[in-house]
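So in the numbering used here, the last spot in the sequence shown is 1251, and the numbers never skip. Virtual Cβ for every residue (Gly too), placed ideally from N, Cα, C. Structure first, commentary second.
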Amino acid sequence: MENANINHFPEHVLLRIFSLIEPTRARNAASLVSRRWYGLERLTRSSLSLRGNLITNPYPPHSFPRFPSVSSLDVSNLSPWGRVPSDTPFLVLPTLPHCFPAVTDLTLYSRDRTALISLTHHWPRLKRVKLIRWQNRPNGAHIGSDLNPLFDVCQEIEEVDLNEFYCWTEDVVEAVRSHPLVARNLTGLDLMLTNSTDGFRASELVSIVEVCPSLRRLIAPCVFHTGGVDFVSDATLHILATNCPYLTTLHLLAANDLQVNHPLAITAAGLEIVFSSLPLLTDFFLDLPHPIVEAGRLIENLGQCRASLIQNLKLGNFEGVCKGMWLHLDGVAICGGLKSLCLKRYHDVSDASLAAIGRGCTGLAKFELIGCDLVTELGIQKLAKKFEKRLRETGRQTLKDLTVLQCALISSPTLVKALEPLRDQLQRLQFNCRWTELDPNMKEVLAEGFCLWPYKSWDNLRELSLWLPAGVFPVPSN
774 MENANINHFP EHVLLRIFSL IEPTRARNAA SLVSRRWYGL ERLTRSSLSL
824 RGNLITNPYP PHSFPRFPSV SSLDVSNLSP WGRVPSDTPF LVLPTLPHCF
874 PAVTDLTLYS RDRTALISLT HHWPRLKRVK LIRWQNRPNG AHIGSDLNPL
924 FDVCQEIEEV DLNEFYCWTE DVVEAVRSHP LVARNLTGLD LMLTNSTDGF
974 RASELVSIVE VCPSLRRLIA PCVFHTGGVD FVSDATLHIL ATNCPYLTTL
1024 HLLAANDLQV NHPLAITAAG LEIVFSSLPL LTDFFLDLPH PIVEAGRLIE
1074 NLGQCRASLI QNLKLGNFEG VCKGMWLHLD GVAICGGLKS LCLKRYHDVS
1124 DASLAAIGRG CTGLAKFELI GCDLVTELGI QKLAKKFEKR LRETGRQTLK
1174 DLTVLQCALI SSPTLVKALE PLRDQLQRLQ FNCRWTELDP NMKEVLAEGF
1224 CLWPYKSWDN LRELSLWLPA GVFPVPSN
C-alpha cells in the first residue's frame, strides 16, 4: 500500500502506541492532529495536572472531556485552594469523579480538613495520596484531625506523602495509631513534614512502626542528639527493623544541619544489627548531626553481604567511610553494585578516597559530594579519569549525574576543568564552589576566572545548576 500511514493501523494498535507516549507536550501535540487522535489521547492518558481559578470561572467547564484512564491526578494547583478558606471544594469536586473515574493517585493542597472530606467520599479507593500545605495548621485543630478524613474513608490506601505538608509530628502519630487496620496496609510513608524543626522522637517513631508492619518505604526526620529527651538510638532502630522487615527504602535524617557536641546514641555496631534485620534494603540514607567513628568496617560488611542489592547510599557524618590509603579497596569502594552515592560532611574523605571510589564503584550513575573539606580538583580529576577509562574499555556510560557542594578547597573553574574527561557522559551537573582566578598564564581562563574551551562542548548535558557571586556574570568566548 503506497499511501498507507499510521492512521490505517487498527484501533487496538493505535491505542498501544499512544499509551507509550510519556512527555506531556508530545501528547498534547498528538491530540491536535485529528479528532481521532484527540480521542485516542484522552483514552490513554494516565496522569494529569489541573490548573485554574475556581472563583472567577466555572471549573471544570461544561465541555471538559472525560479521561477514563487517568489514574494520577494533581489538583494542588487549583486556585484559590491554599489561600483563603471557602466552600470551593464542595462546589467543584462533585464534578471531578465523573471526569476522572479511575483515579488512584491524588495530589491535593489541603489547607484544612474540608478538602479531604469532600474528596475522599468520591474516590474511596485511593492508593496513594500526597498532601501539600505551606500555611500553619488551623488554630484549635484537634491532634490528627487533618489526616483522619483520609484514613476514615480510604481503607485501601498504601502510600502517604507528607513531604510538603505542614503539620505536627503528633498529628501523624495520632492518625496512624487510631486507624490500625489502614496502617497495616501502608507500604510507603514520606514524613519529612515541611518546616519541621525538630523531627520524630523515639517514642513517636516506635508508635508508627508498631502498627505499620508492611512498610517498604519510610522517610522521616528524627531527633538524634542525646542533649534532648526521647532521642533516637540503636534500640529505636532495632525496633524499627524488627517491626518492618520488608523495608527497601529507609531515609532517616536530622531535622536540621546544625552540628551538636553531644555524643550520639547510634553506633556502627547498632547499625550492623539493623542491616542484618533488613535483608531487602536497597536504598539507605542516614544523615547525622554528629560523626560515627570508624564506620569503614560497617560499610565494608554491607558491601560484601549486599554487593548486588544495595543500590543507593547516602551517608552524613560517617568517619572512615573510605580511606583509599592502600592498593586494596576499603569502605564504600567495596560496594560495587551502587548506582547512587552521596557523601555529606566528611572531614577525612580525600583525593585518594575518590580514586578508590572510582575504581570500586564501577556502576555509579549518580555521585554527590557535599561539605568534604579535604577534597581538591585533583581528586575530582582522578574520579573522572577512572570513569573515562571504563568508558573506553567497555563502551558503557555510567556516571551521568554529579553534584559538588560546599567543598572548601575546590574552585568552580578548576572543577569544570577537572571534569573535562566526563564531558561526553554527564547529563546533570550541580556545583556551588567558590569562583577564584587561576594561573594568568593559562590561555583557557579569563581574567574573571571563568574557564573557556572554545572548541569543546558538553553535548549530553541536560541540566546545569551553579552558584555565581552577586554582580559577576560569565563572559562568553569570542
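Option nearest C872 by Cα separation, candidates W896, T887 and Y882 | Within the sequence shown, numbered from 1, the residue matching residue 872 stands at position 99. Closest by alpha carbon: W896.
Q) For D1174, which residues from the same chain have a beta carbon less than 6 Å from its beta carbon, with the 5 sequence-adjacent residues on both sides left out? A) For the purposes of this step, residue 1174 is identified with residue 401 of the sequence shown, where counting begins at 1. For D1174, where only same-chain residues beyond five positions count, the Cβ hits under 6 Å are K1139 and R1201.
On the criterion of 16 or more Cβ atoms from any shown chain inside 10 Å, does P1064 qualify as buried, or is it exposed? Numbered from its first residue, the sequence shown carries residue 1064 at position 291. With 16 or more Cβ atoms within 10 Å of its Cβ, P1064 is classed as buried.
Given P986, which residues of its chain have a CB within under 7 Å of its CB, disregarding the five upstream and five downstream residues?
Numbered from its first residue, the sequence shown carries residue 986 at position 213. Excluding residues within five positions, the ones whose Cβ falls inside 7 Å are R957, N1016 and C1017.
With 16 other Cβ atoms within 10 Å as the buried cut-off, status of L1199:
Your numbering for residue 1199 matches position 426 in the sequence shown. Label assigned to L1199: buried.
Give the range of the alpha helix (DSSP H) segment to which Y1119 is assigned.
Mapped onto the sequence shown, residue 1119 falls at position 346. Premise fails: Y1119 is in no alpha helix (DSSP H) and is neither H nor E.
Boundaries of the beta strand (DSSP E) in which E937 is found, first to last residue
Looking up residue 937 in the sequence shown gives position 164. Per DSSP, E937 belongs to the beta strand (DSSP E) from E932 to F938.
Quiz prompt | Own chain, CB closer than 6 Å to F1091, minus 5 neighbours either side, in chain order | solution = In the sequence shown, residue 1091 corresponds to position 318, counting from 1. I1065 and A1068.
Item to complete: Determine the DSSP secondary structure at E1217, reduced to helix, strand or coil.
Response: Sequence index remark: in the sequence shown, residue 1217 carries index 444 (1-based). For E1217, the pLDDT reaches just 49, beneath the cut-off of 50, and the residue's location in the model is therefore unreliable, although a value from the coordinates is still provided. In this structure, E1217 counts as coil in the three-state DSSP scheme.
Please classify P1194: does DSSP put it in a helix, a strand, or coil?
Translated into the one-based positions of the sequence shown, residue 1194 becomes position 421. It is helical.
| said: Determine whether the beta carbon atoms of L1127 and V1148 lie at a separation below 9 Å. | reply: Numbered from its first residue, the sequence shown carries residue 1127 at position 354. Numbered from its first residue, the sequence shown carries residue 1148 at position 375. In this structure, V1148 lies closer than 9 Å to L1127 by Cβ.
With DSSP collapsed to three states, give me the class of R1169. Taking the sequence shown and counting its residues from 1, the one referred to as residue 1169 is at position 396. If DSSP states are grouped into helix, strand and coil, R1169 belongs with coil.
* Report yes or no: do the stretch 969 to 985 and the stretch 1044 to 1063 share at least 3 C-beta pairs separated by less than 8 Å? => no
_Spatially closest choice to P1186 from L1164, D1197, L1151 and K1159, by CA coordinates_ = For the purposes of this step, residue 1186 is identified with residue 413 of the sequence shown, where counting begins at 1. The option with the nearest alpha carbon to P1186 is L1151.
_I need the straight-line Cα distance from M1098 to D1124, nearest angstrom please._
Along the sequence shown, read from residue 1 onward, the residue named residue 1098 stands at position 325. Along the sequence shown, read from residue 1 onward, the residue named residue 1124 stands at position 351. Taking the straight line joining both Cα atoms gives about 10 Å.
Quiz item: How is Q908 classed by DSSP in three states: helix, strand or coil?
Solution: Working through the sequence shown from its first residue, we reach residue 908 at position 135. In this structure, Q908 counts as coil in the three-state DSSP scheme.
For V848, the nearest candidate out of L1182, T817 and L904 (CA to CA): Indexing the sequence shown from 1 puts residue 848 at position 75. The option with the nearest alpha carbon to V848 is L904.
**Request:** Could you check what DSSP says for H781 in three-state terms: helix, strand or coil?
**Result:** Position 8 of the sequence shown, counting from 1, holds the residue named residue 781. Residue state, collapsed to three classes: helix.
Using CA atoms only, rank isn't needed, just tell me which of R798, E937, R910 and L788 is closest to E943.
As a working note, residue 943 is residue 170 in the sequence shown. When only C-alpha atoms are compared, the closest one is R910.
Would DSSP call V1094 helix, strand or coil? Residue 1094 sits at position 321 when you count from the first residue of the sequence shown. V1094: coil per DSSP, three-state reduction.
- Between the Cα of E1073 and the Cα atoms of P1052, L1061 and D1103, which residue gives the shortest distance? The count along the sequence shown starts at 1 and reaches residue 1073 at position 300. Of the candidates P1052, L1061 and D1103, the one whose C-alpha sits nearest the C-alpha of E1073 is D1103.
task: Helix, strand or coil for K1112, going by three-state DSSP, please let me know.
output: One-based indexing of the sequence shown puts residue 1112 at position 339. Looking at K1112 - three-state DSSP - the assignment turns out to be coil, as it is neither helix nor strand.
- Query: Where does G1043 fall in DSSP's three states?
  - Reply: Here residue 1043 corresponds to residue number 270 of the sequence shown, with the count starting at 1. DSSP places G1043 in helix when its eight states are reduced to three.
Mind checking whether V1153 and V1177 have CB atoms under 9 Å apart? Here residue 1153 refers to the residue found at position 380 when the sequence shown is read from its first residue. Here residue 1177 refers to the residue found at position 404 when the sequence shown is read from its first residue. Note that residue 1153 is Ile in the sequence shown here, rather than Val. The answer is yes: Cβ separation under 9 Å.
For K1216, is the classification buried or exposed, using 16 other Cβ atoms within 10 angstroms of its Cβ as the cut-off for buried? Here residue 1216 refers to the residue found at position 443 when the sequence shown is read from its first residue. Confidence at K1216 is low in this model, with a pLDDT of 46, below 50, so its placement is unreliable and the value that follows should be read with caution. Classification of K1216: exposed, given that the 10 Å Cβ count is below 16.
**OP:** Note down the Cα distance separating L991 from G1133, rounded to an integer number of angstroms.
**Re:** Within the sequence shown, numbered from 1, the residue matching residue 991 stands at position 218. Within the sequence shown, numbered from 1, the residue matching residue 1133 stands at position 360. About 29 Å.
Practice task
Give the straight-line distance between the Cα atoms of P1332 and L962, rounded to the nearest whole angstrom.
Solution key: There is simply no residue 1332 to check, as the chain begins at 774 and stops at 1251 in what is shown.
- Taking A1301 as the reference, give the member of D1146, L1192, S1184 and Y1019 with the closest Cα. The requested residue 1301 does not occur in the structure, where the chain is confined to residues 774 to 1251.
inquiry  = Spatial neighbours of T1135 within its chain, please: C-beta separation below 8 Å, excluding the five flanking residues on both sides.
reply    = By one-based count along the sequence shown, residue 1135 stands at place 362. So the list reads G1109, R1163 and T1171, once near-sequence residues are dropped.
Output the distance between the C-alpha atoms of W941 and V933, rounded to the nearest integer angstrom. Here residue 941 corresponds to residue number 168 of the sequence shown, with the count starting at 1. Here residue 933 corresponds to residue number 160 of the sequence shown, with the count starting at 1. Rounded to whole angstroms, W941 to V933 spans 15 Å at the Cα level.
Checklist entry - Going by other Cβ atoms of all chains shown within 10 Å of its Cβ, with 16 needed for buried, is P1062 buried or exposed? => result The residue labelled residue 1062 in the question sits at position 289 within the sequence shown. Buried is the call here.
- Which residues share a DSSP beta bridge with H952? Position 179 of the sequence shown, counting from 1, holds the residue named residue 952. DSSP output for H952 lists no bridge partner at all.
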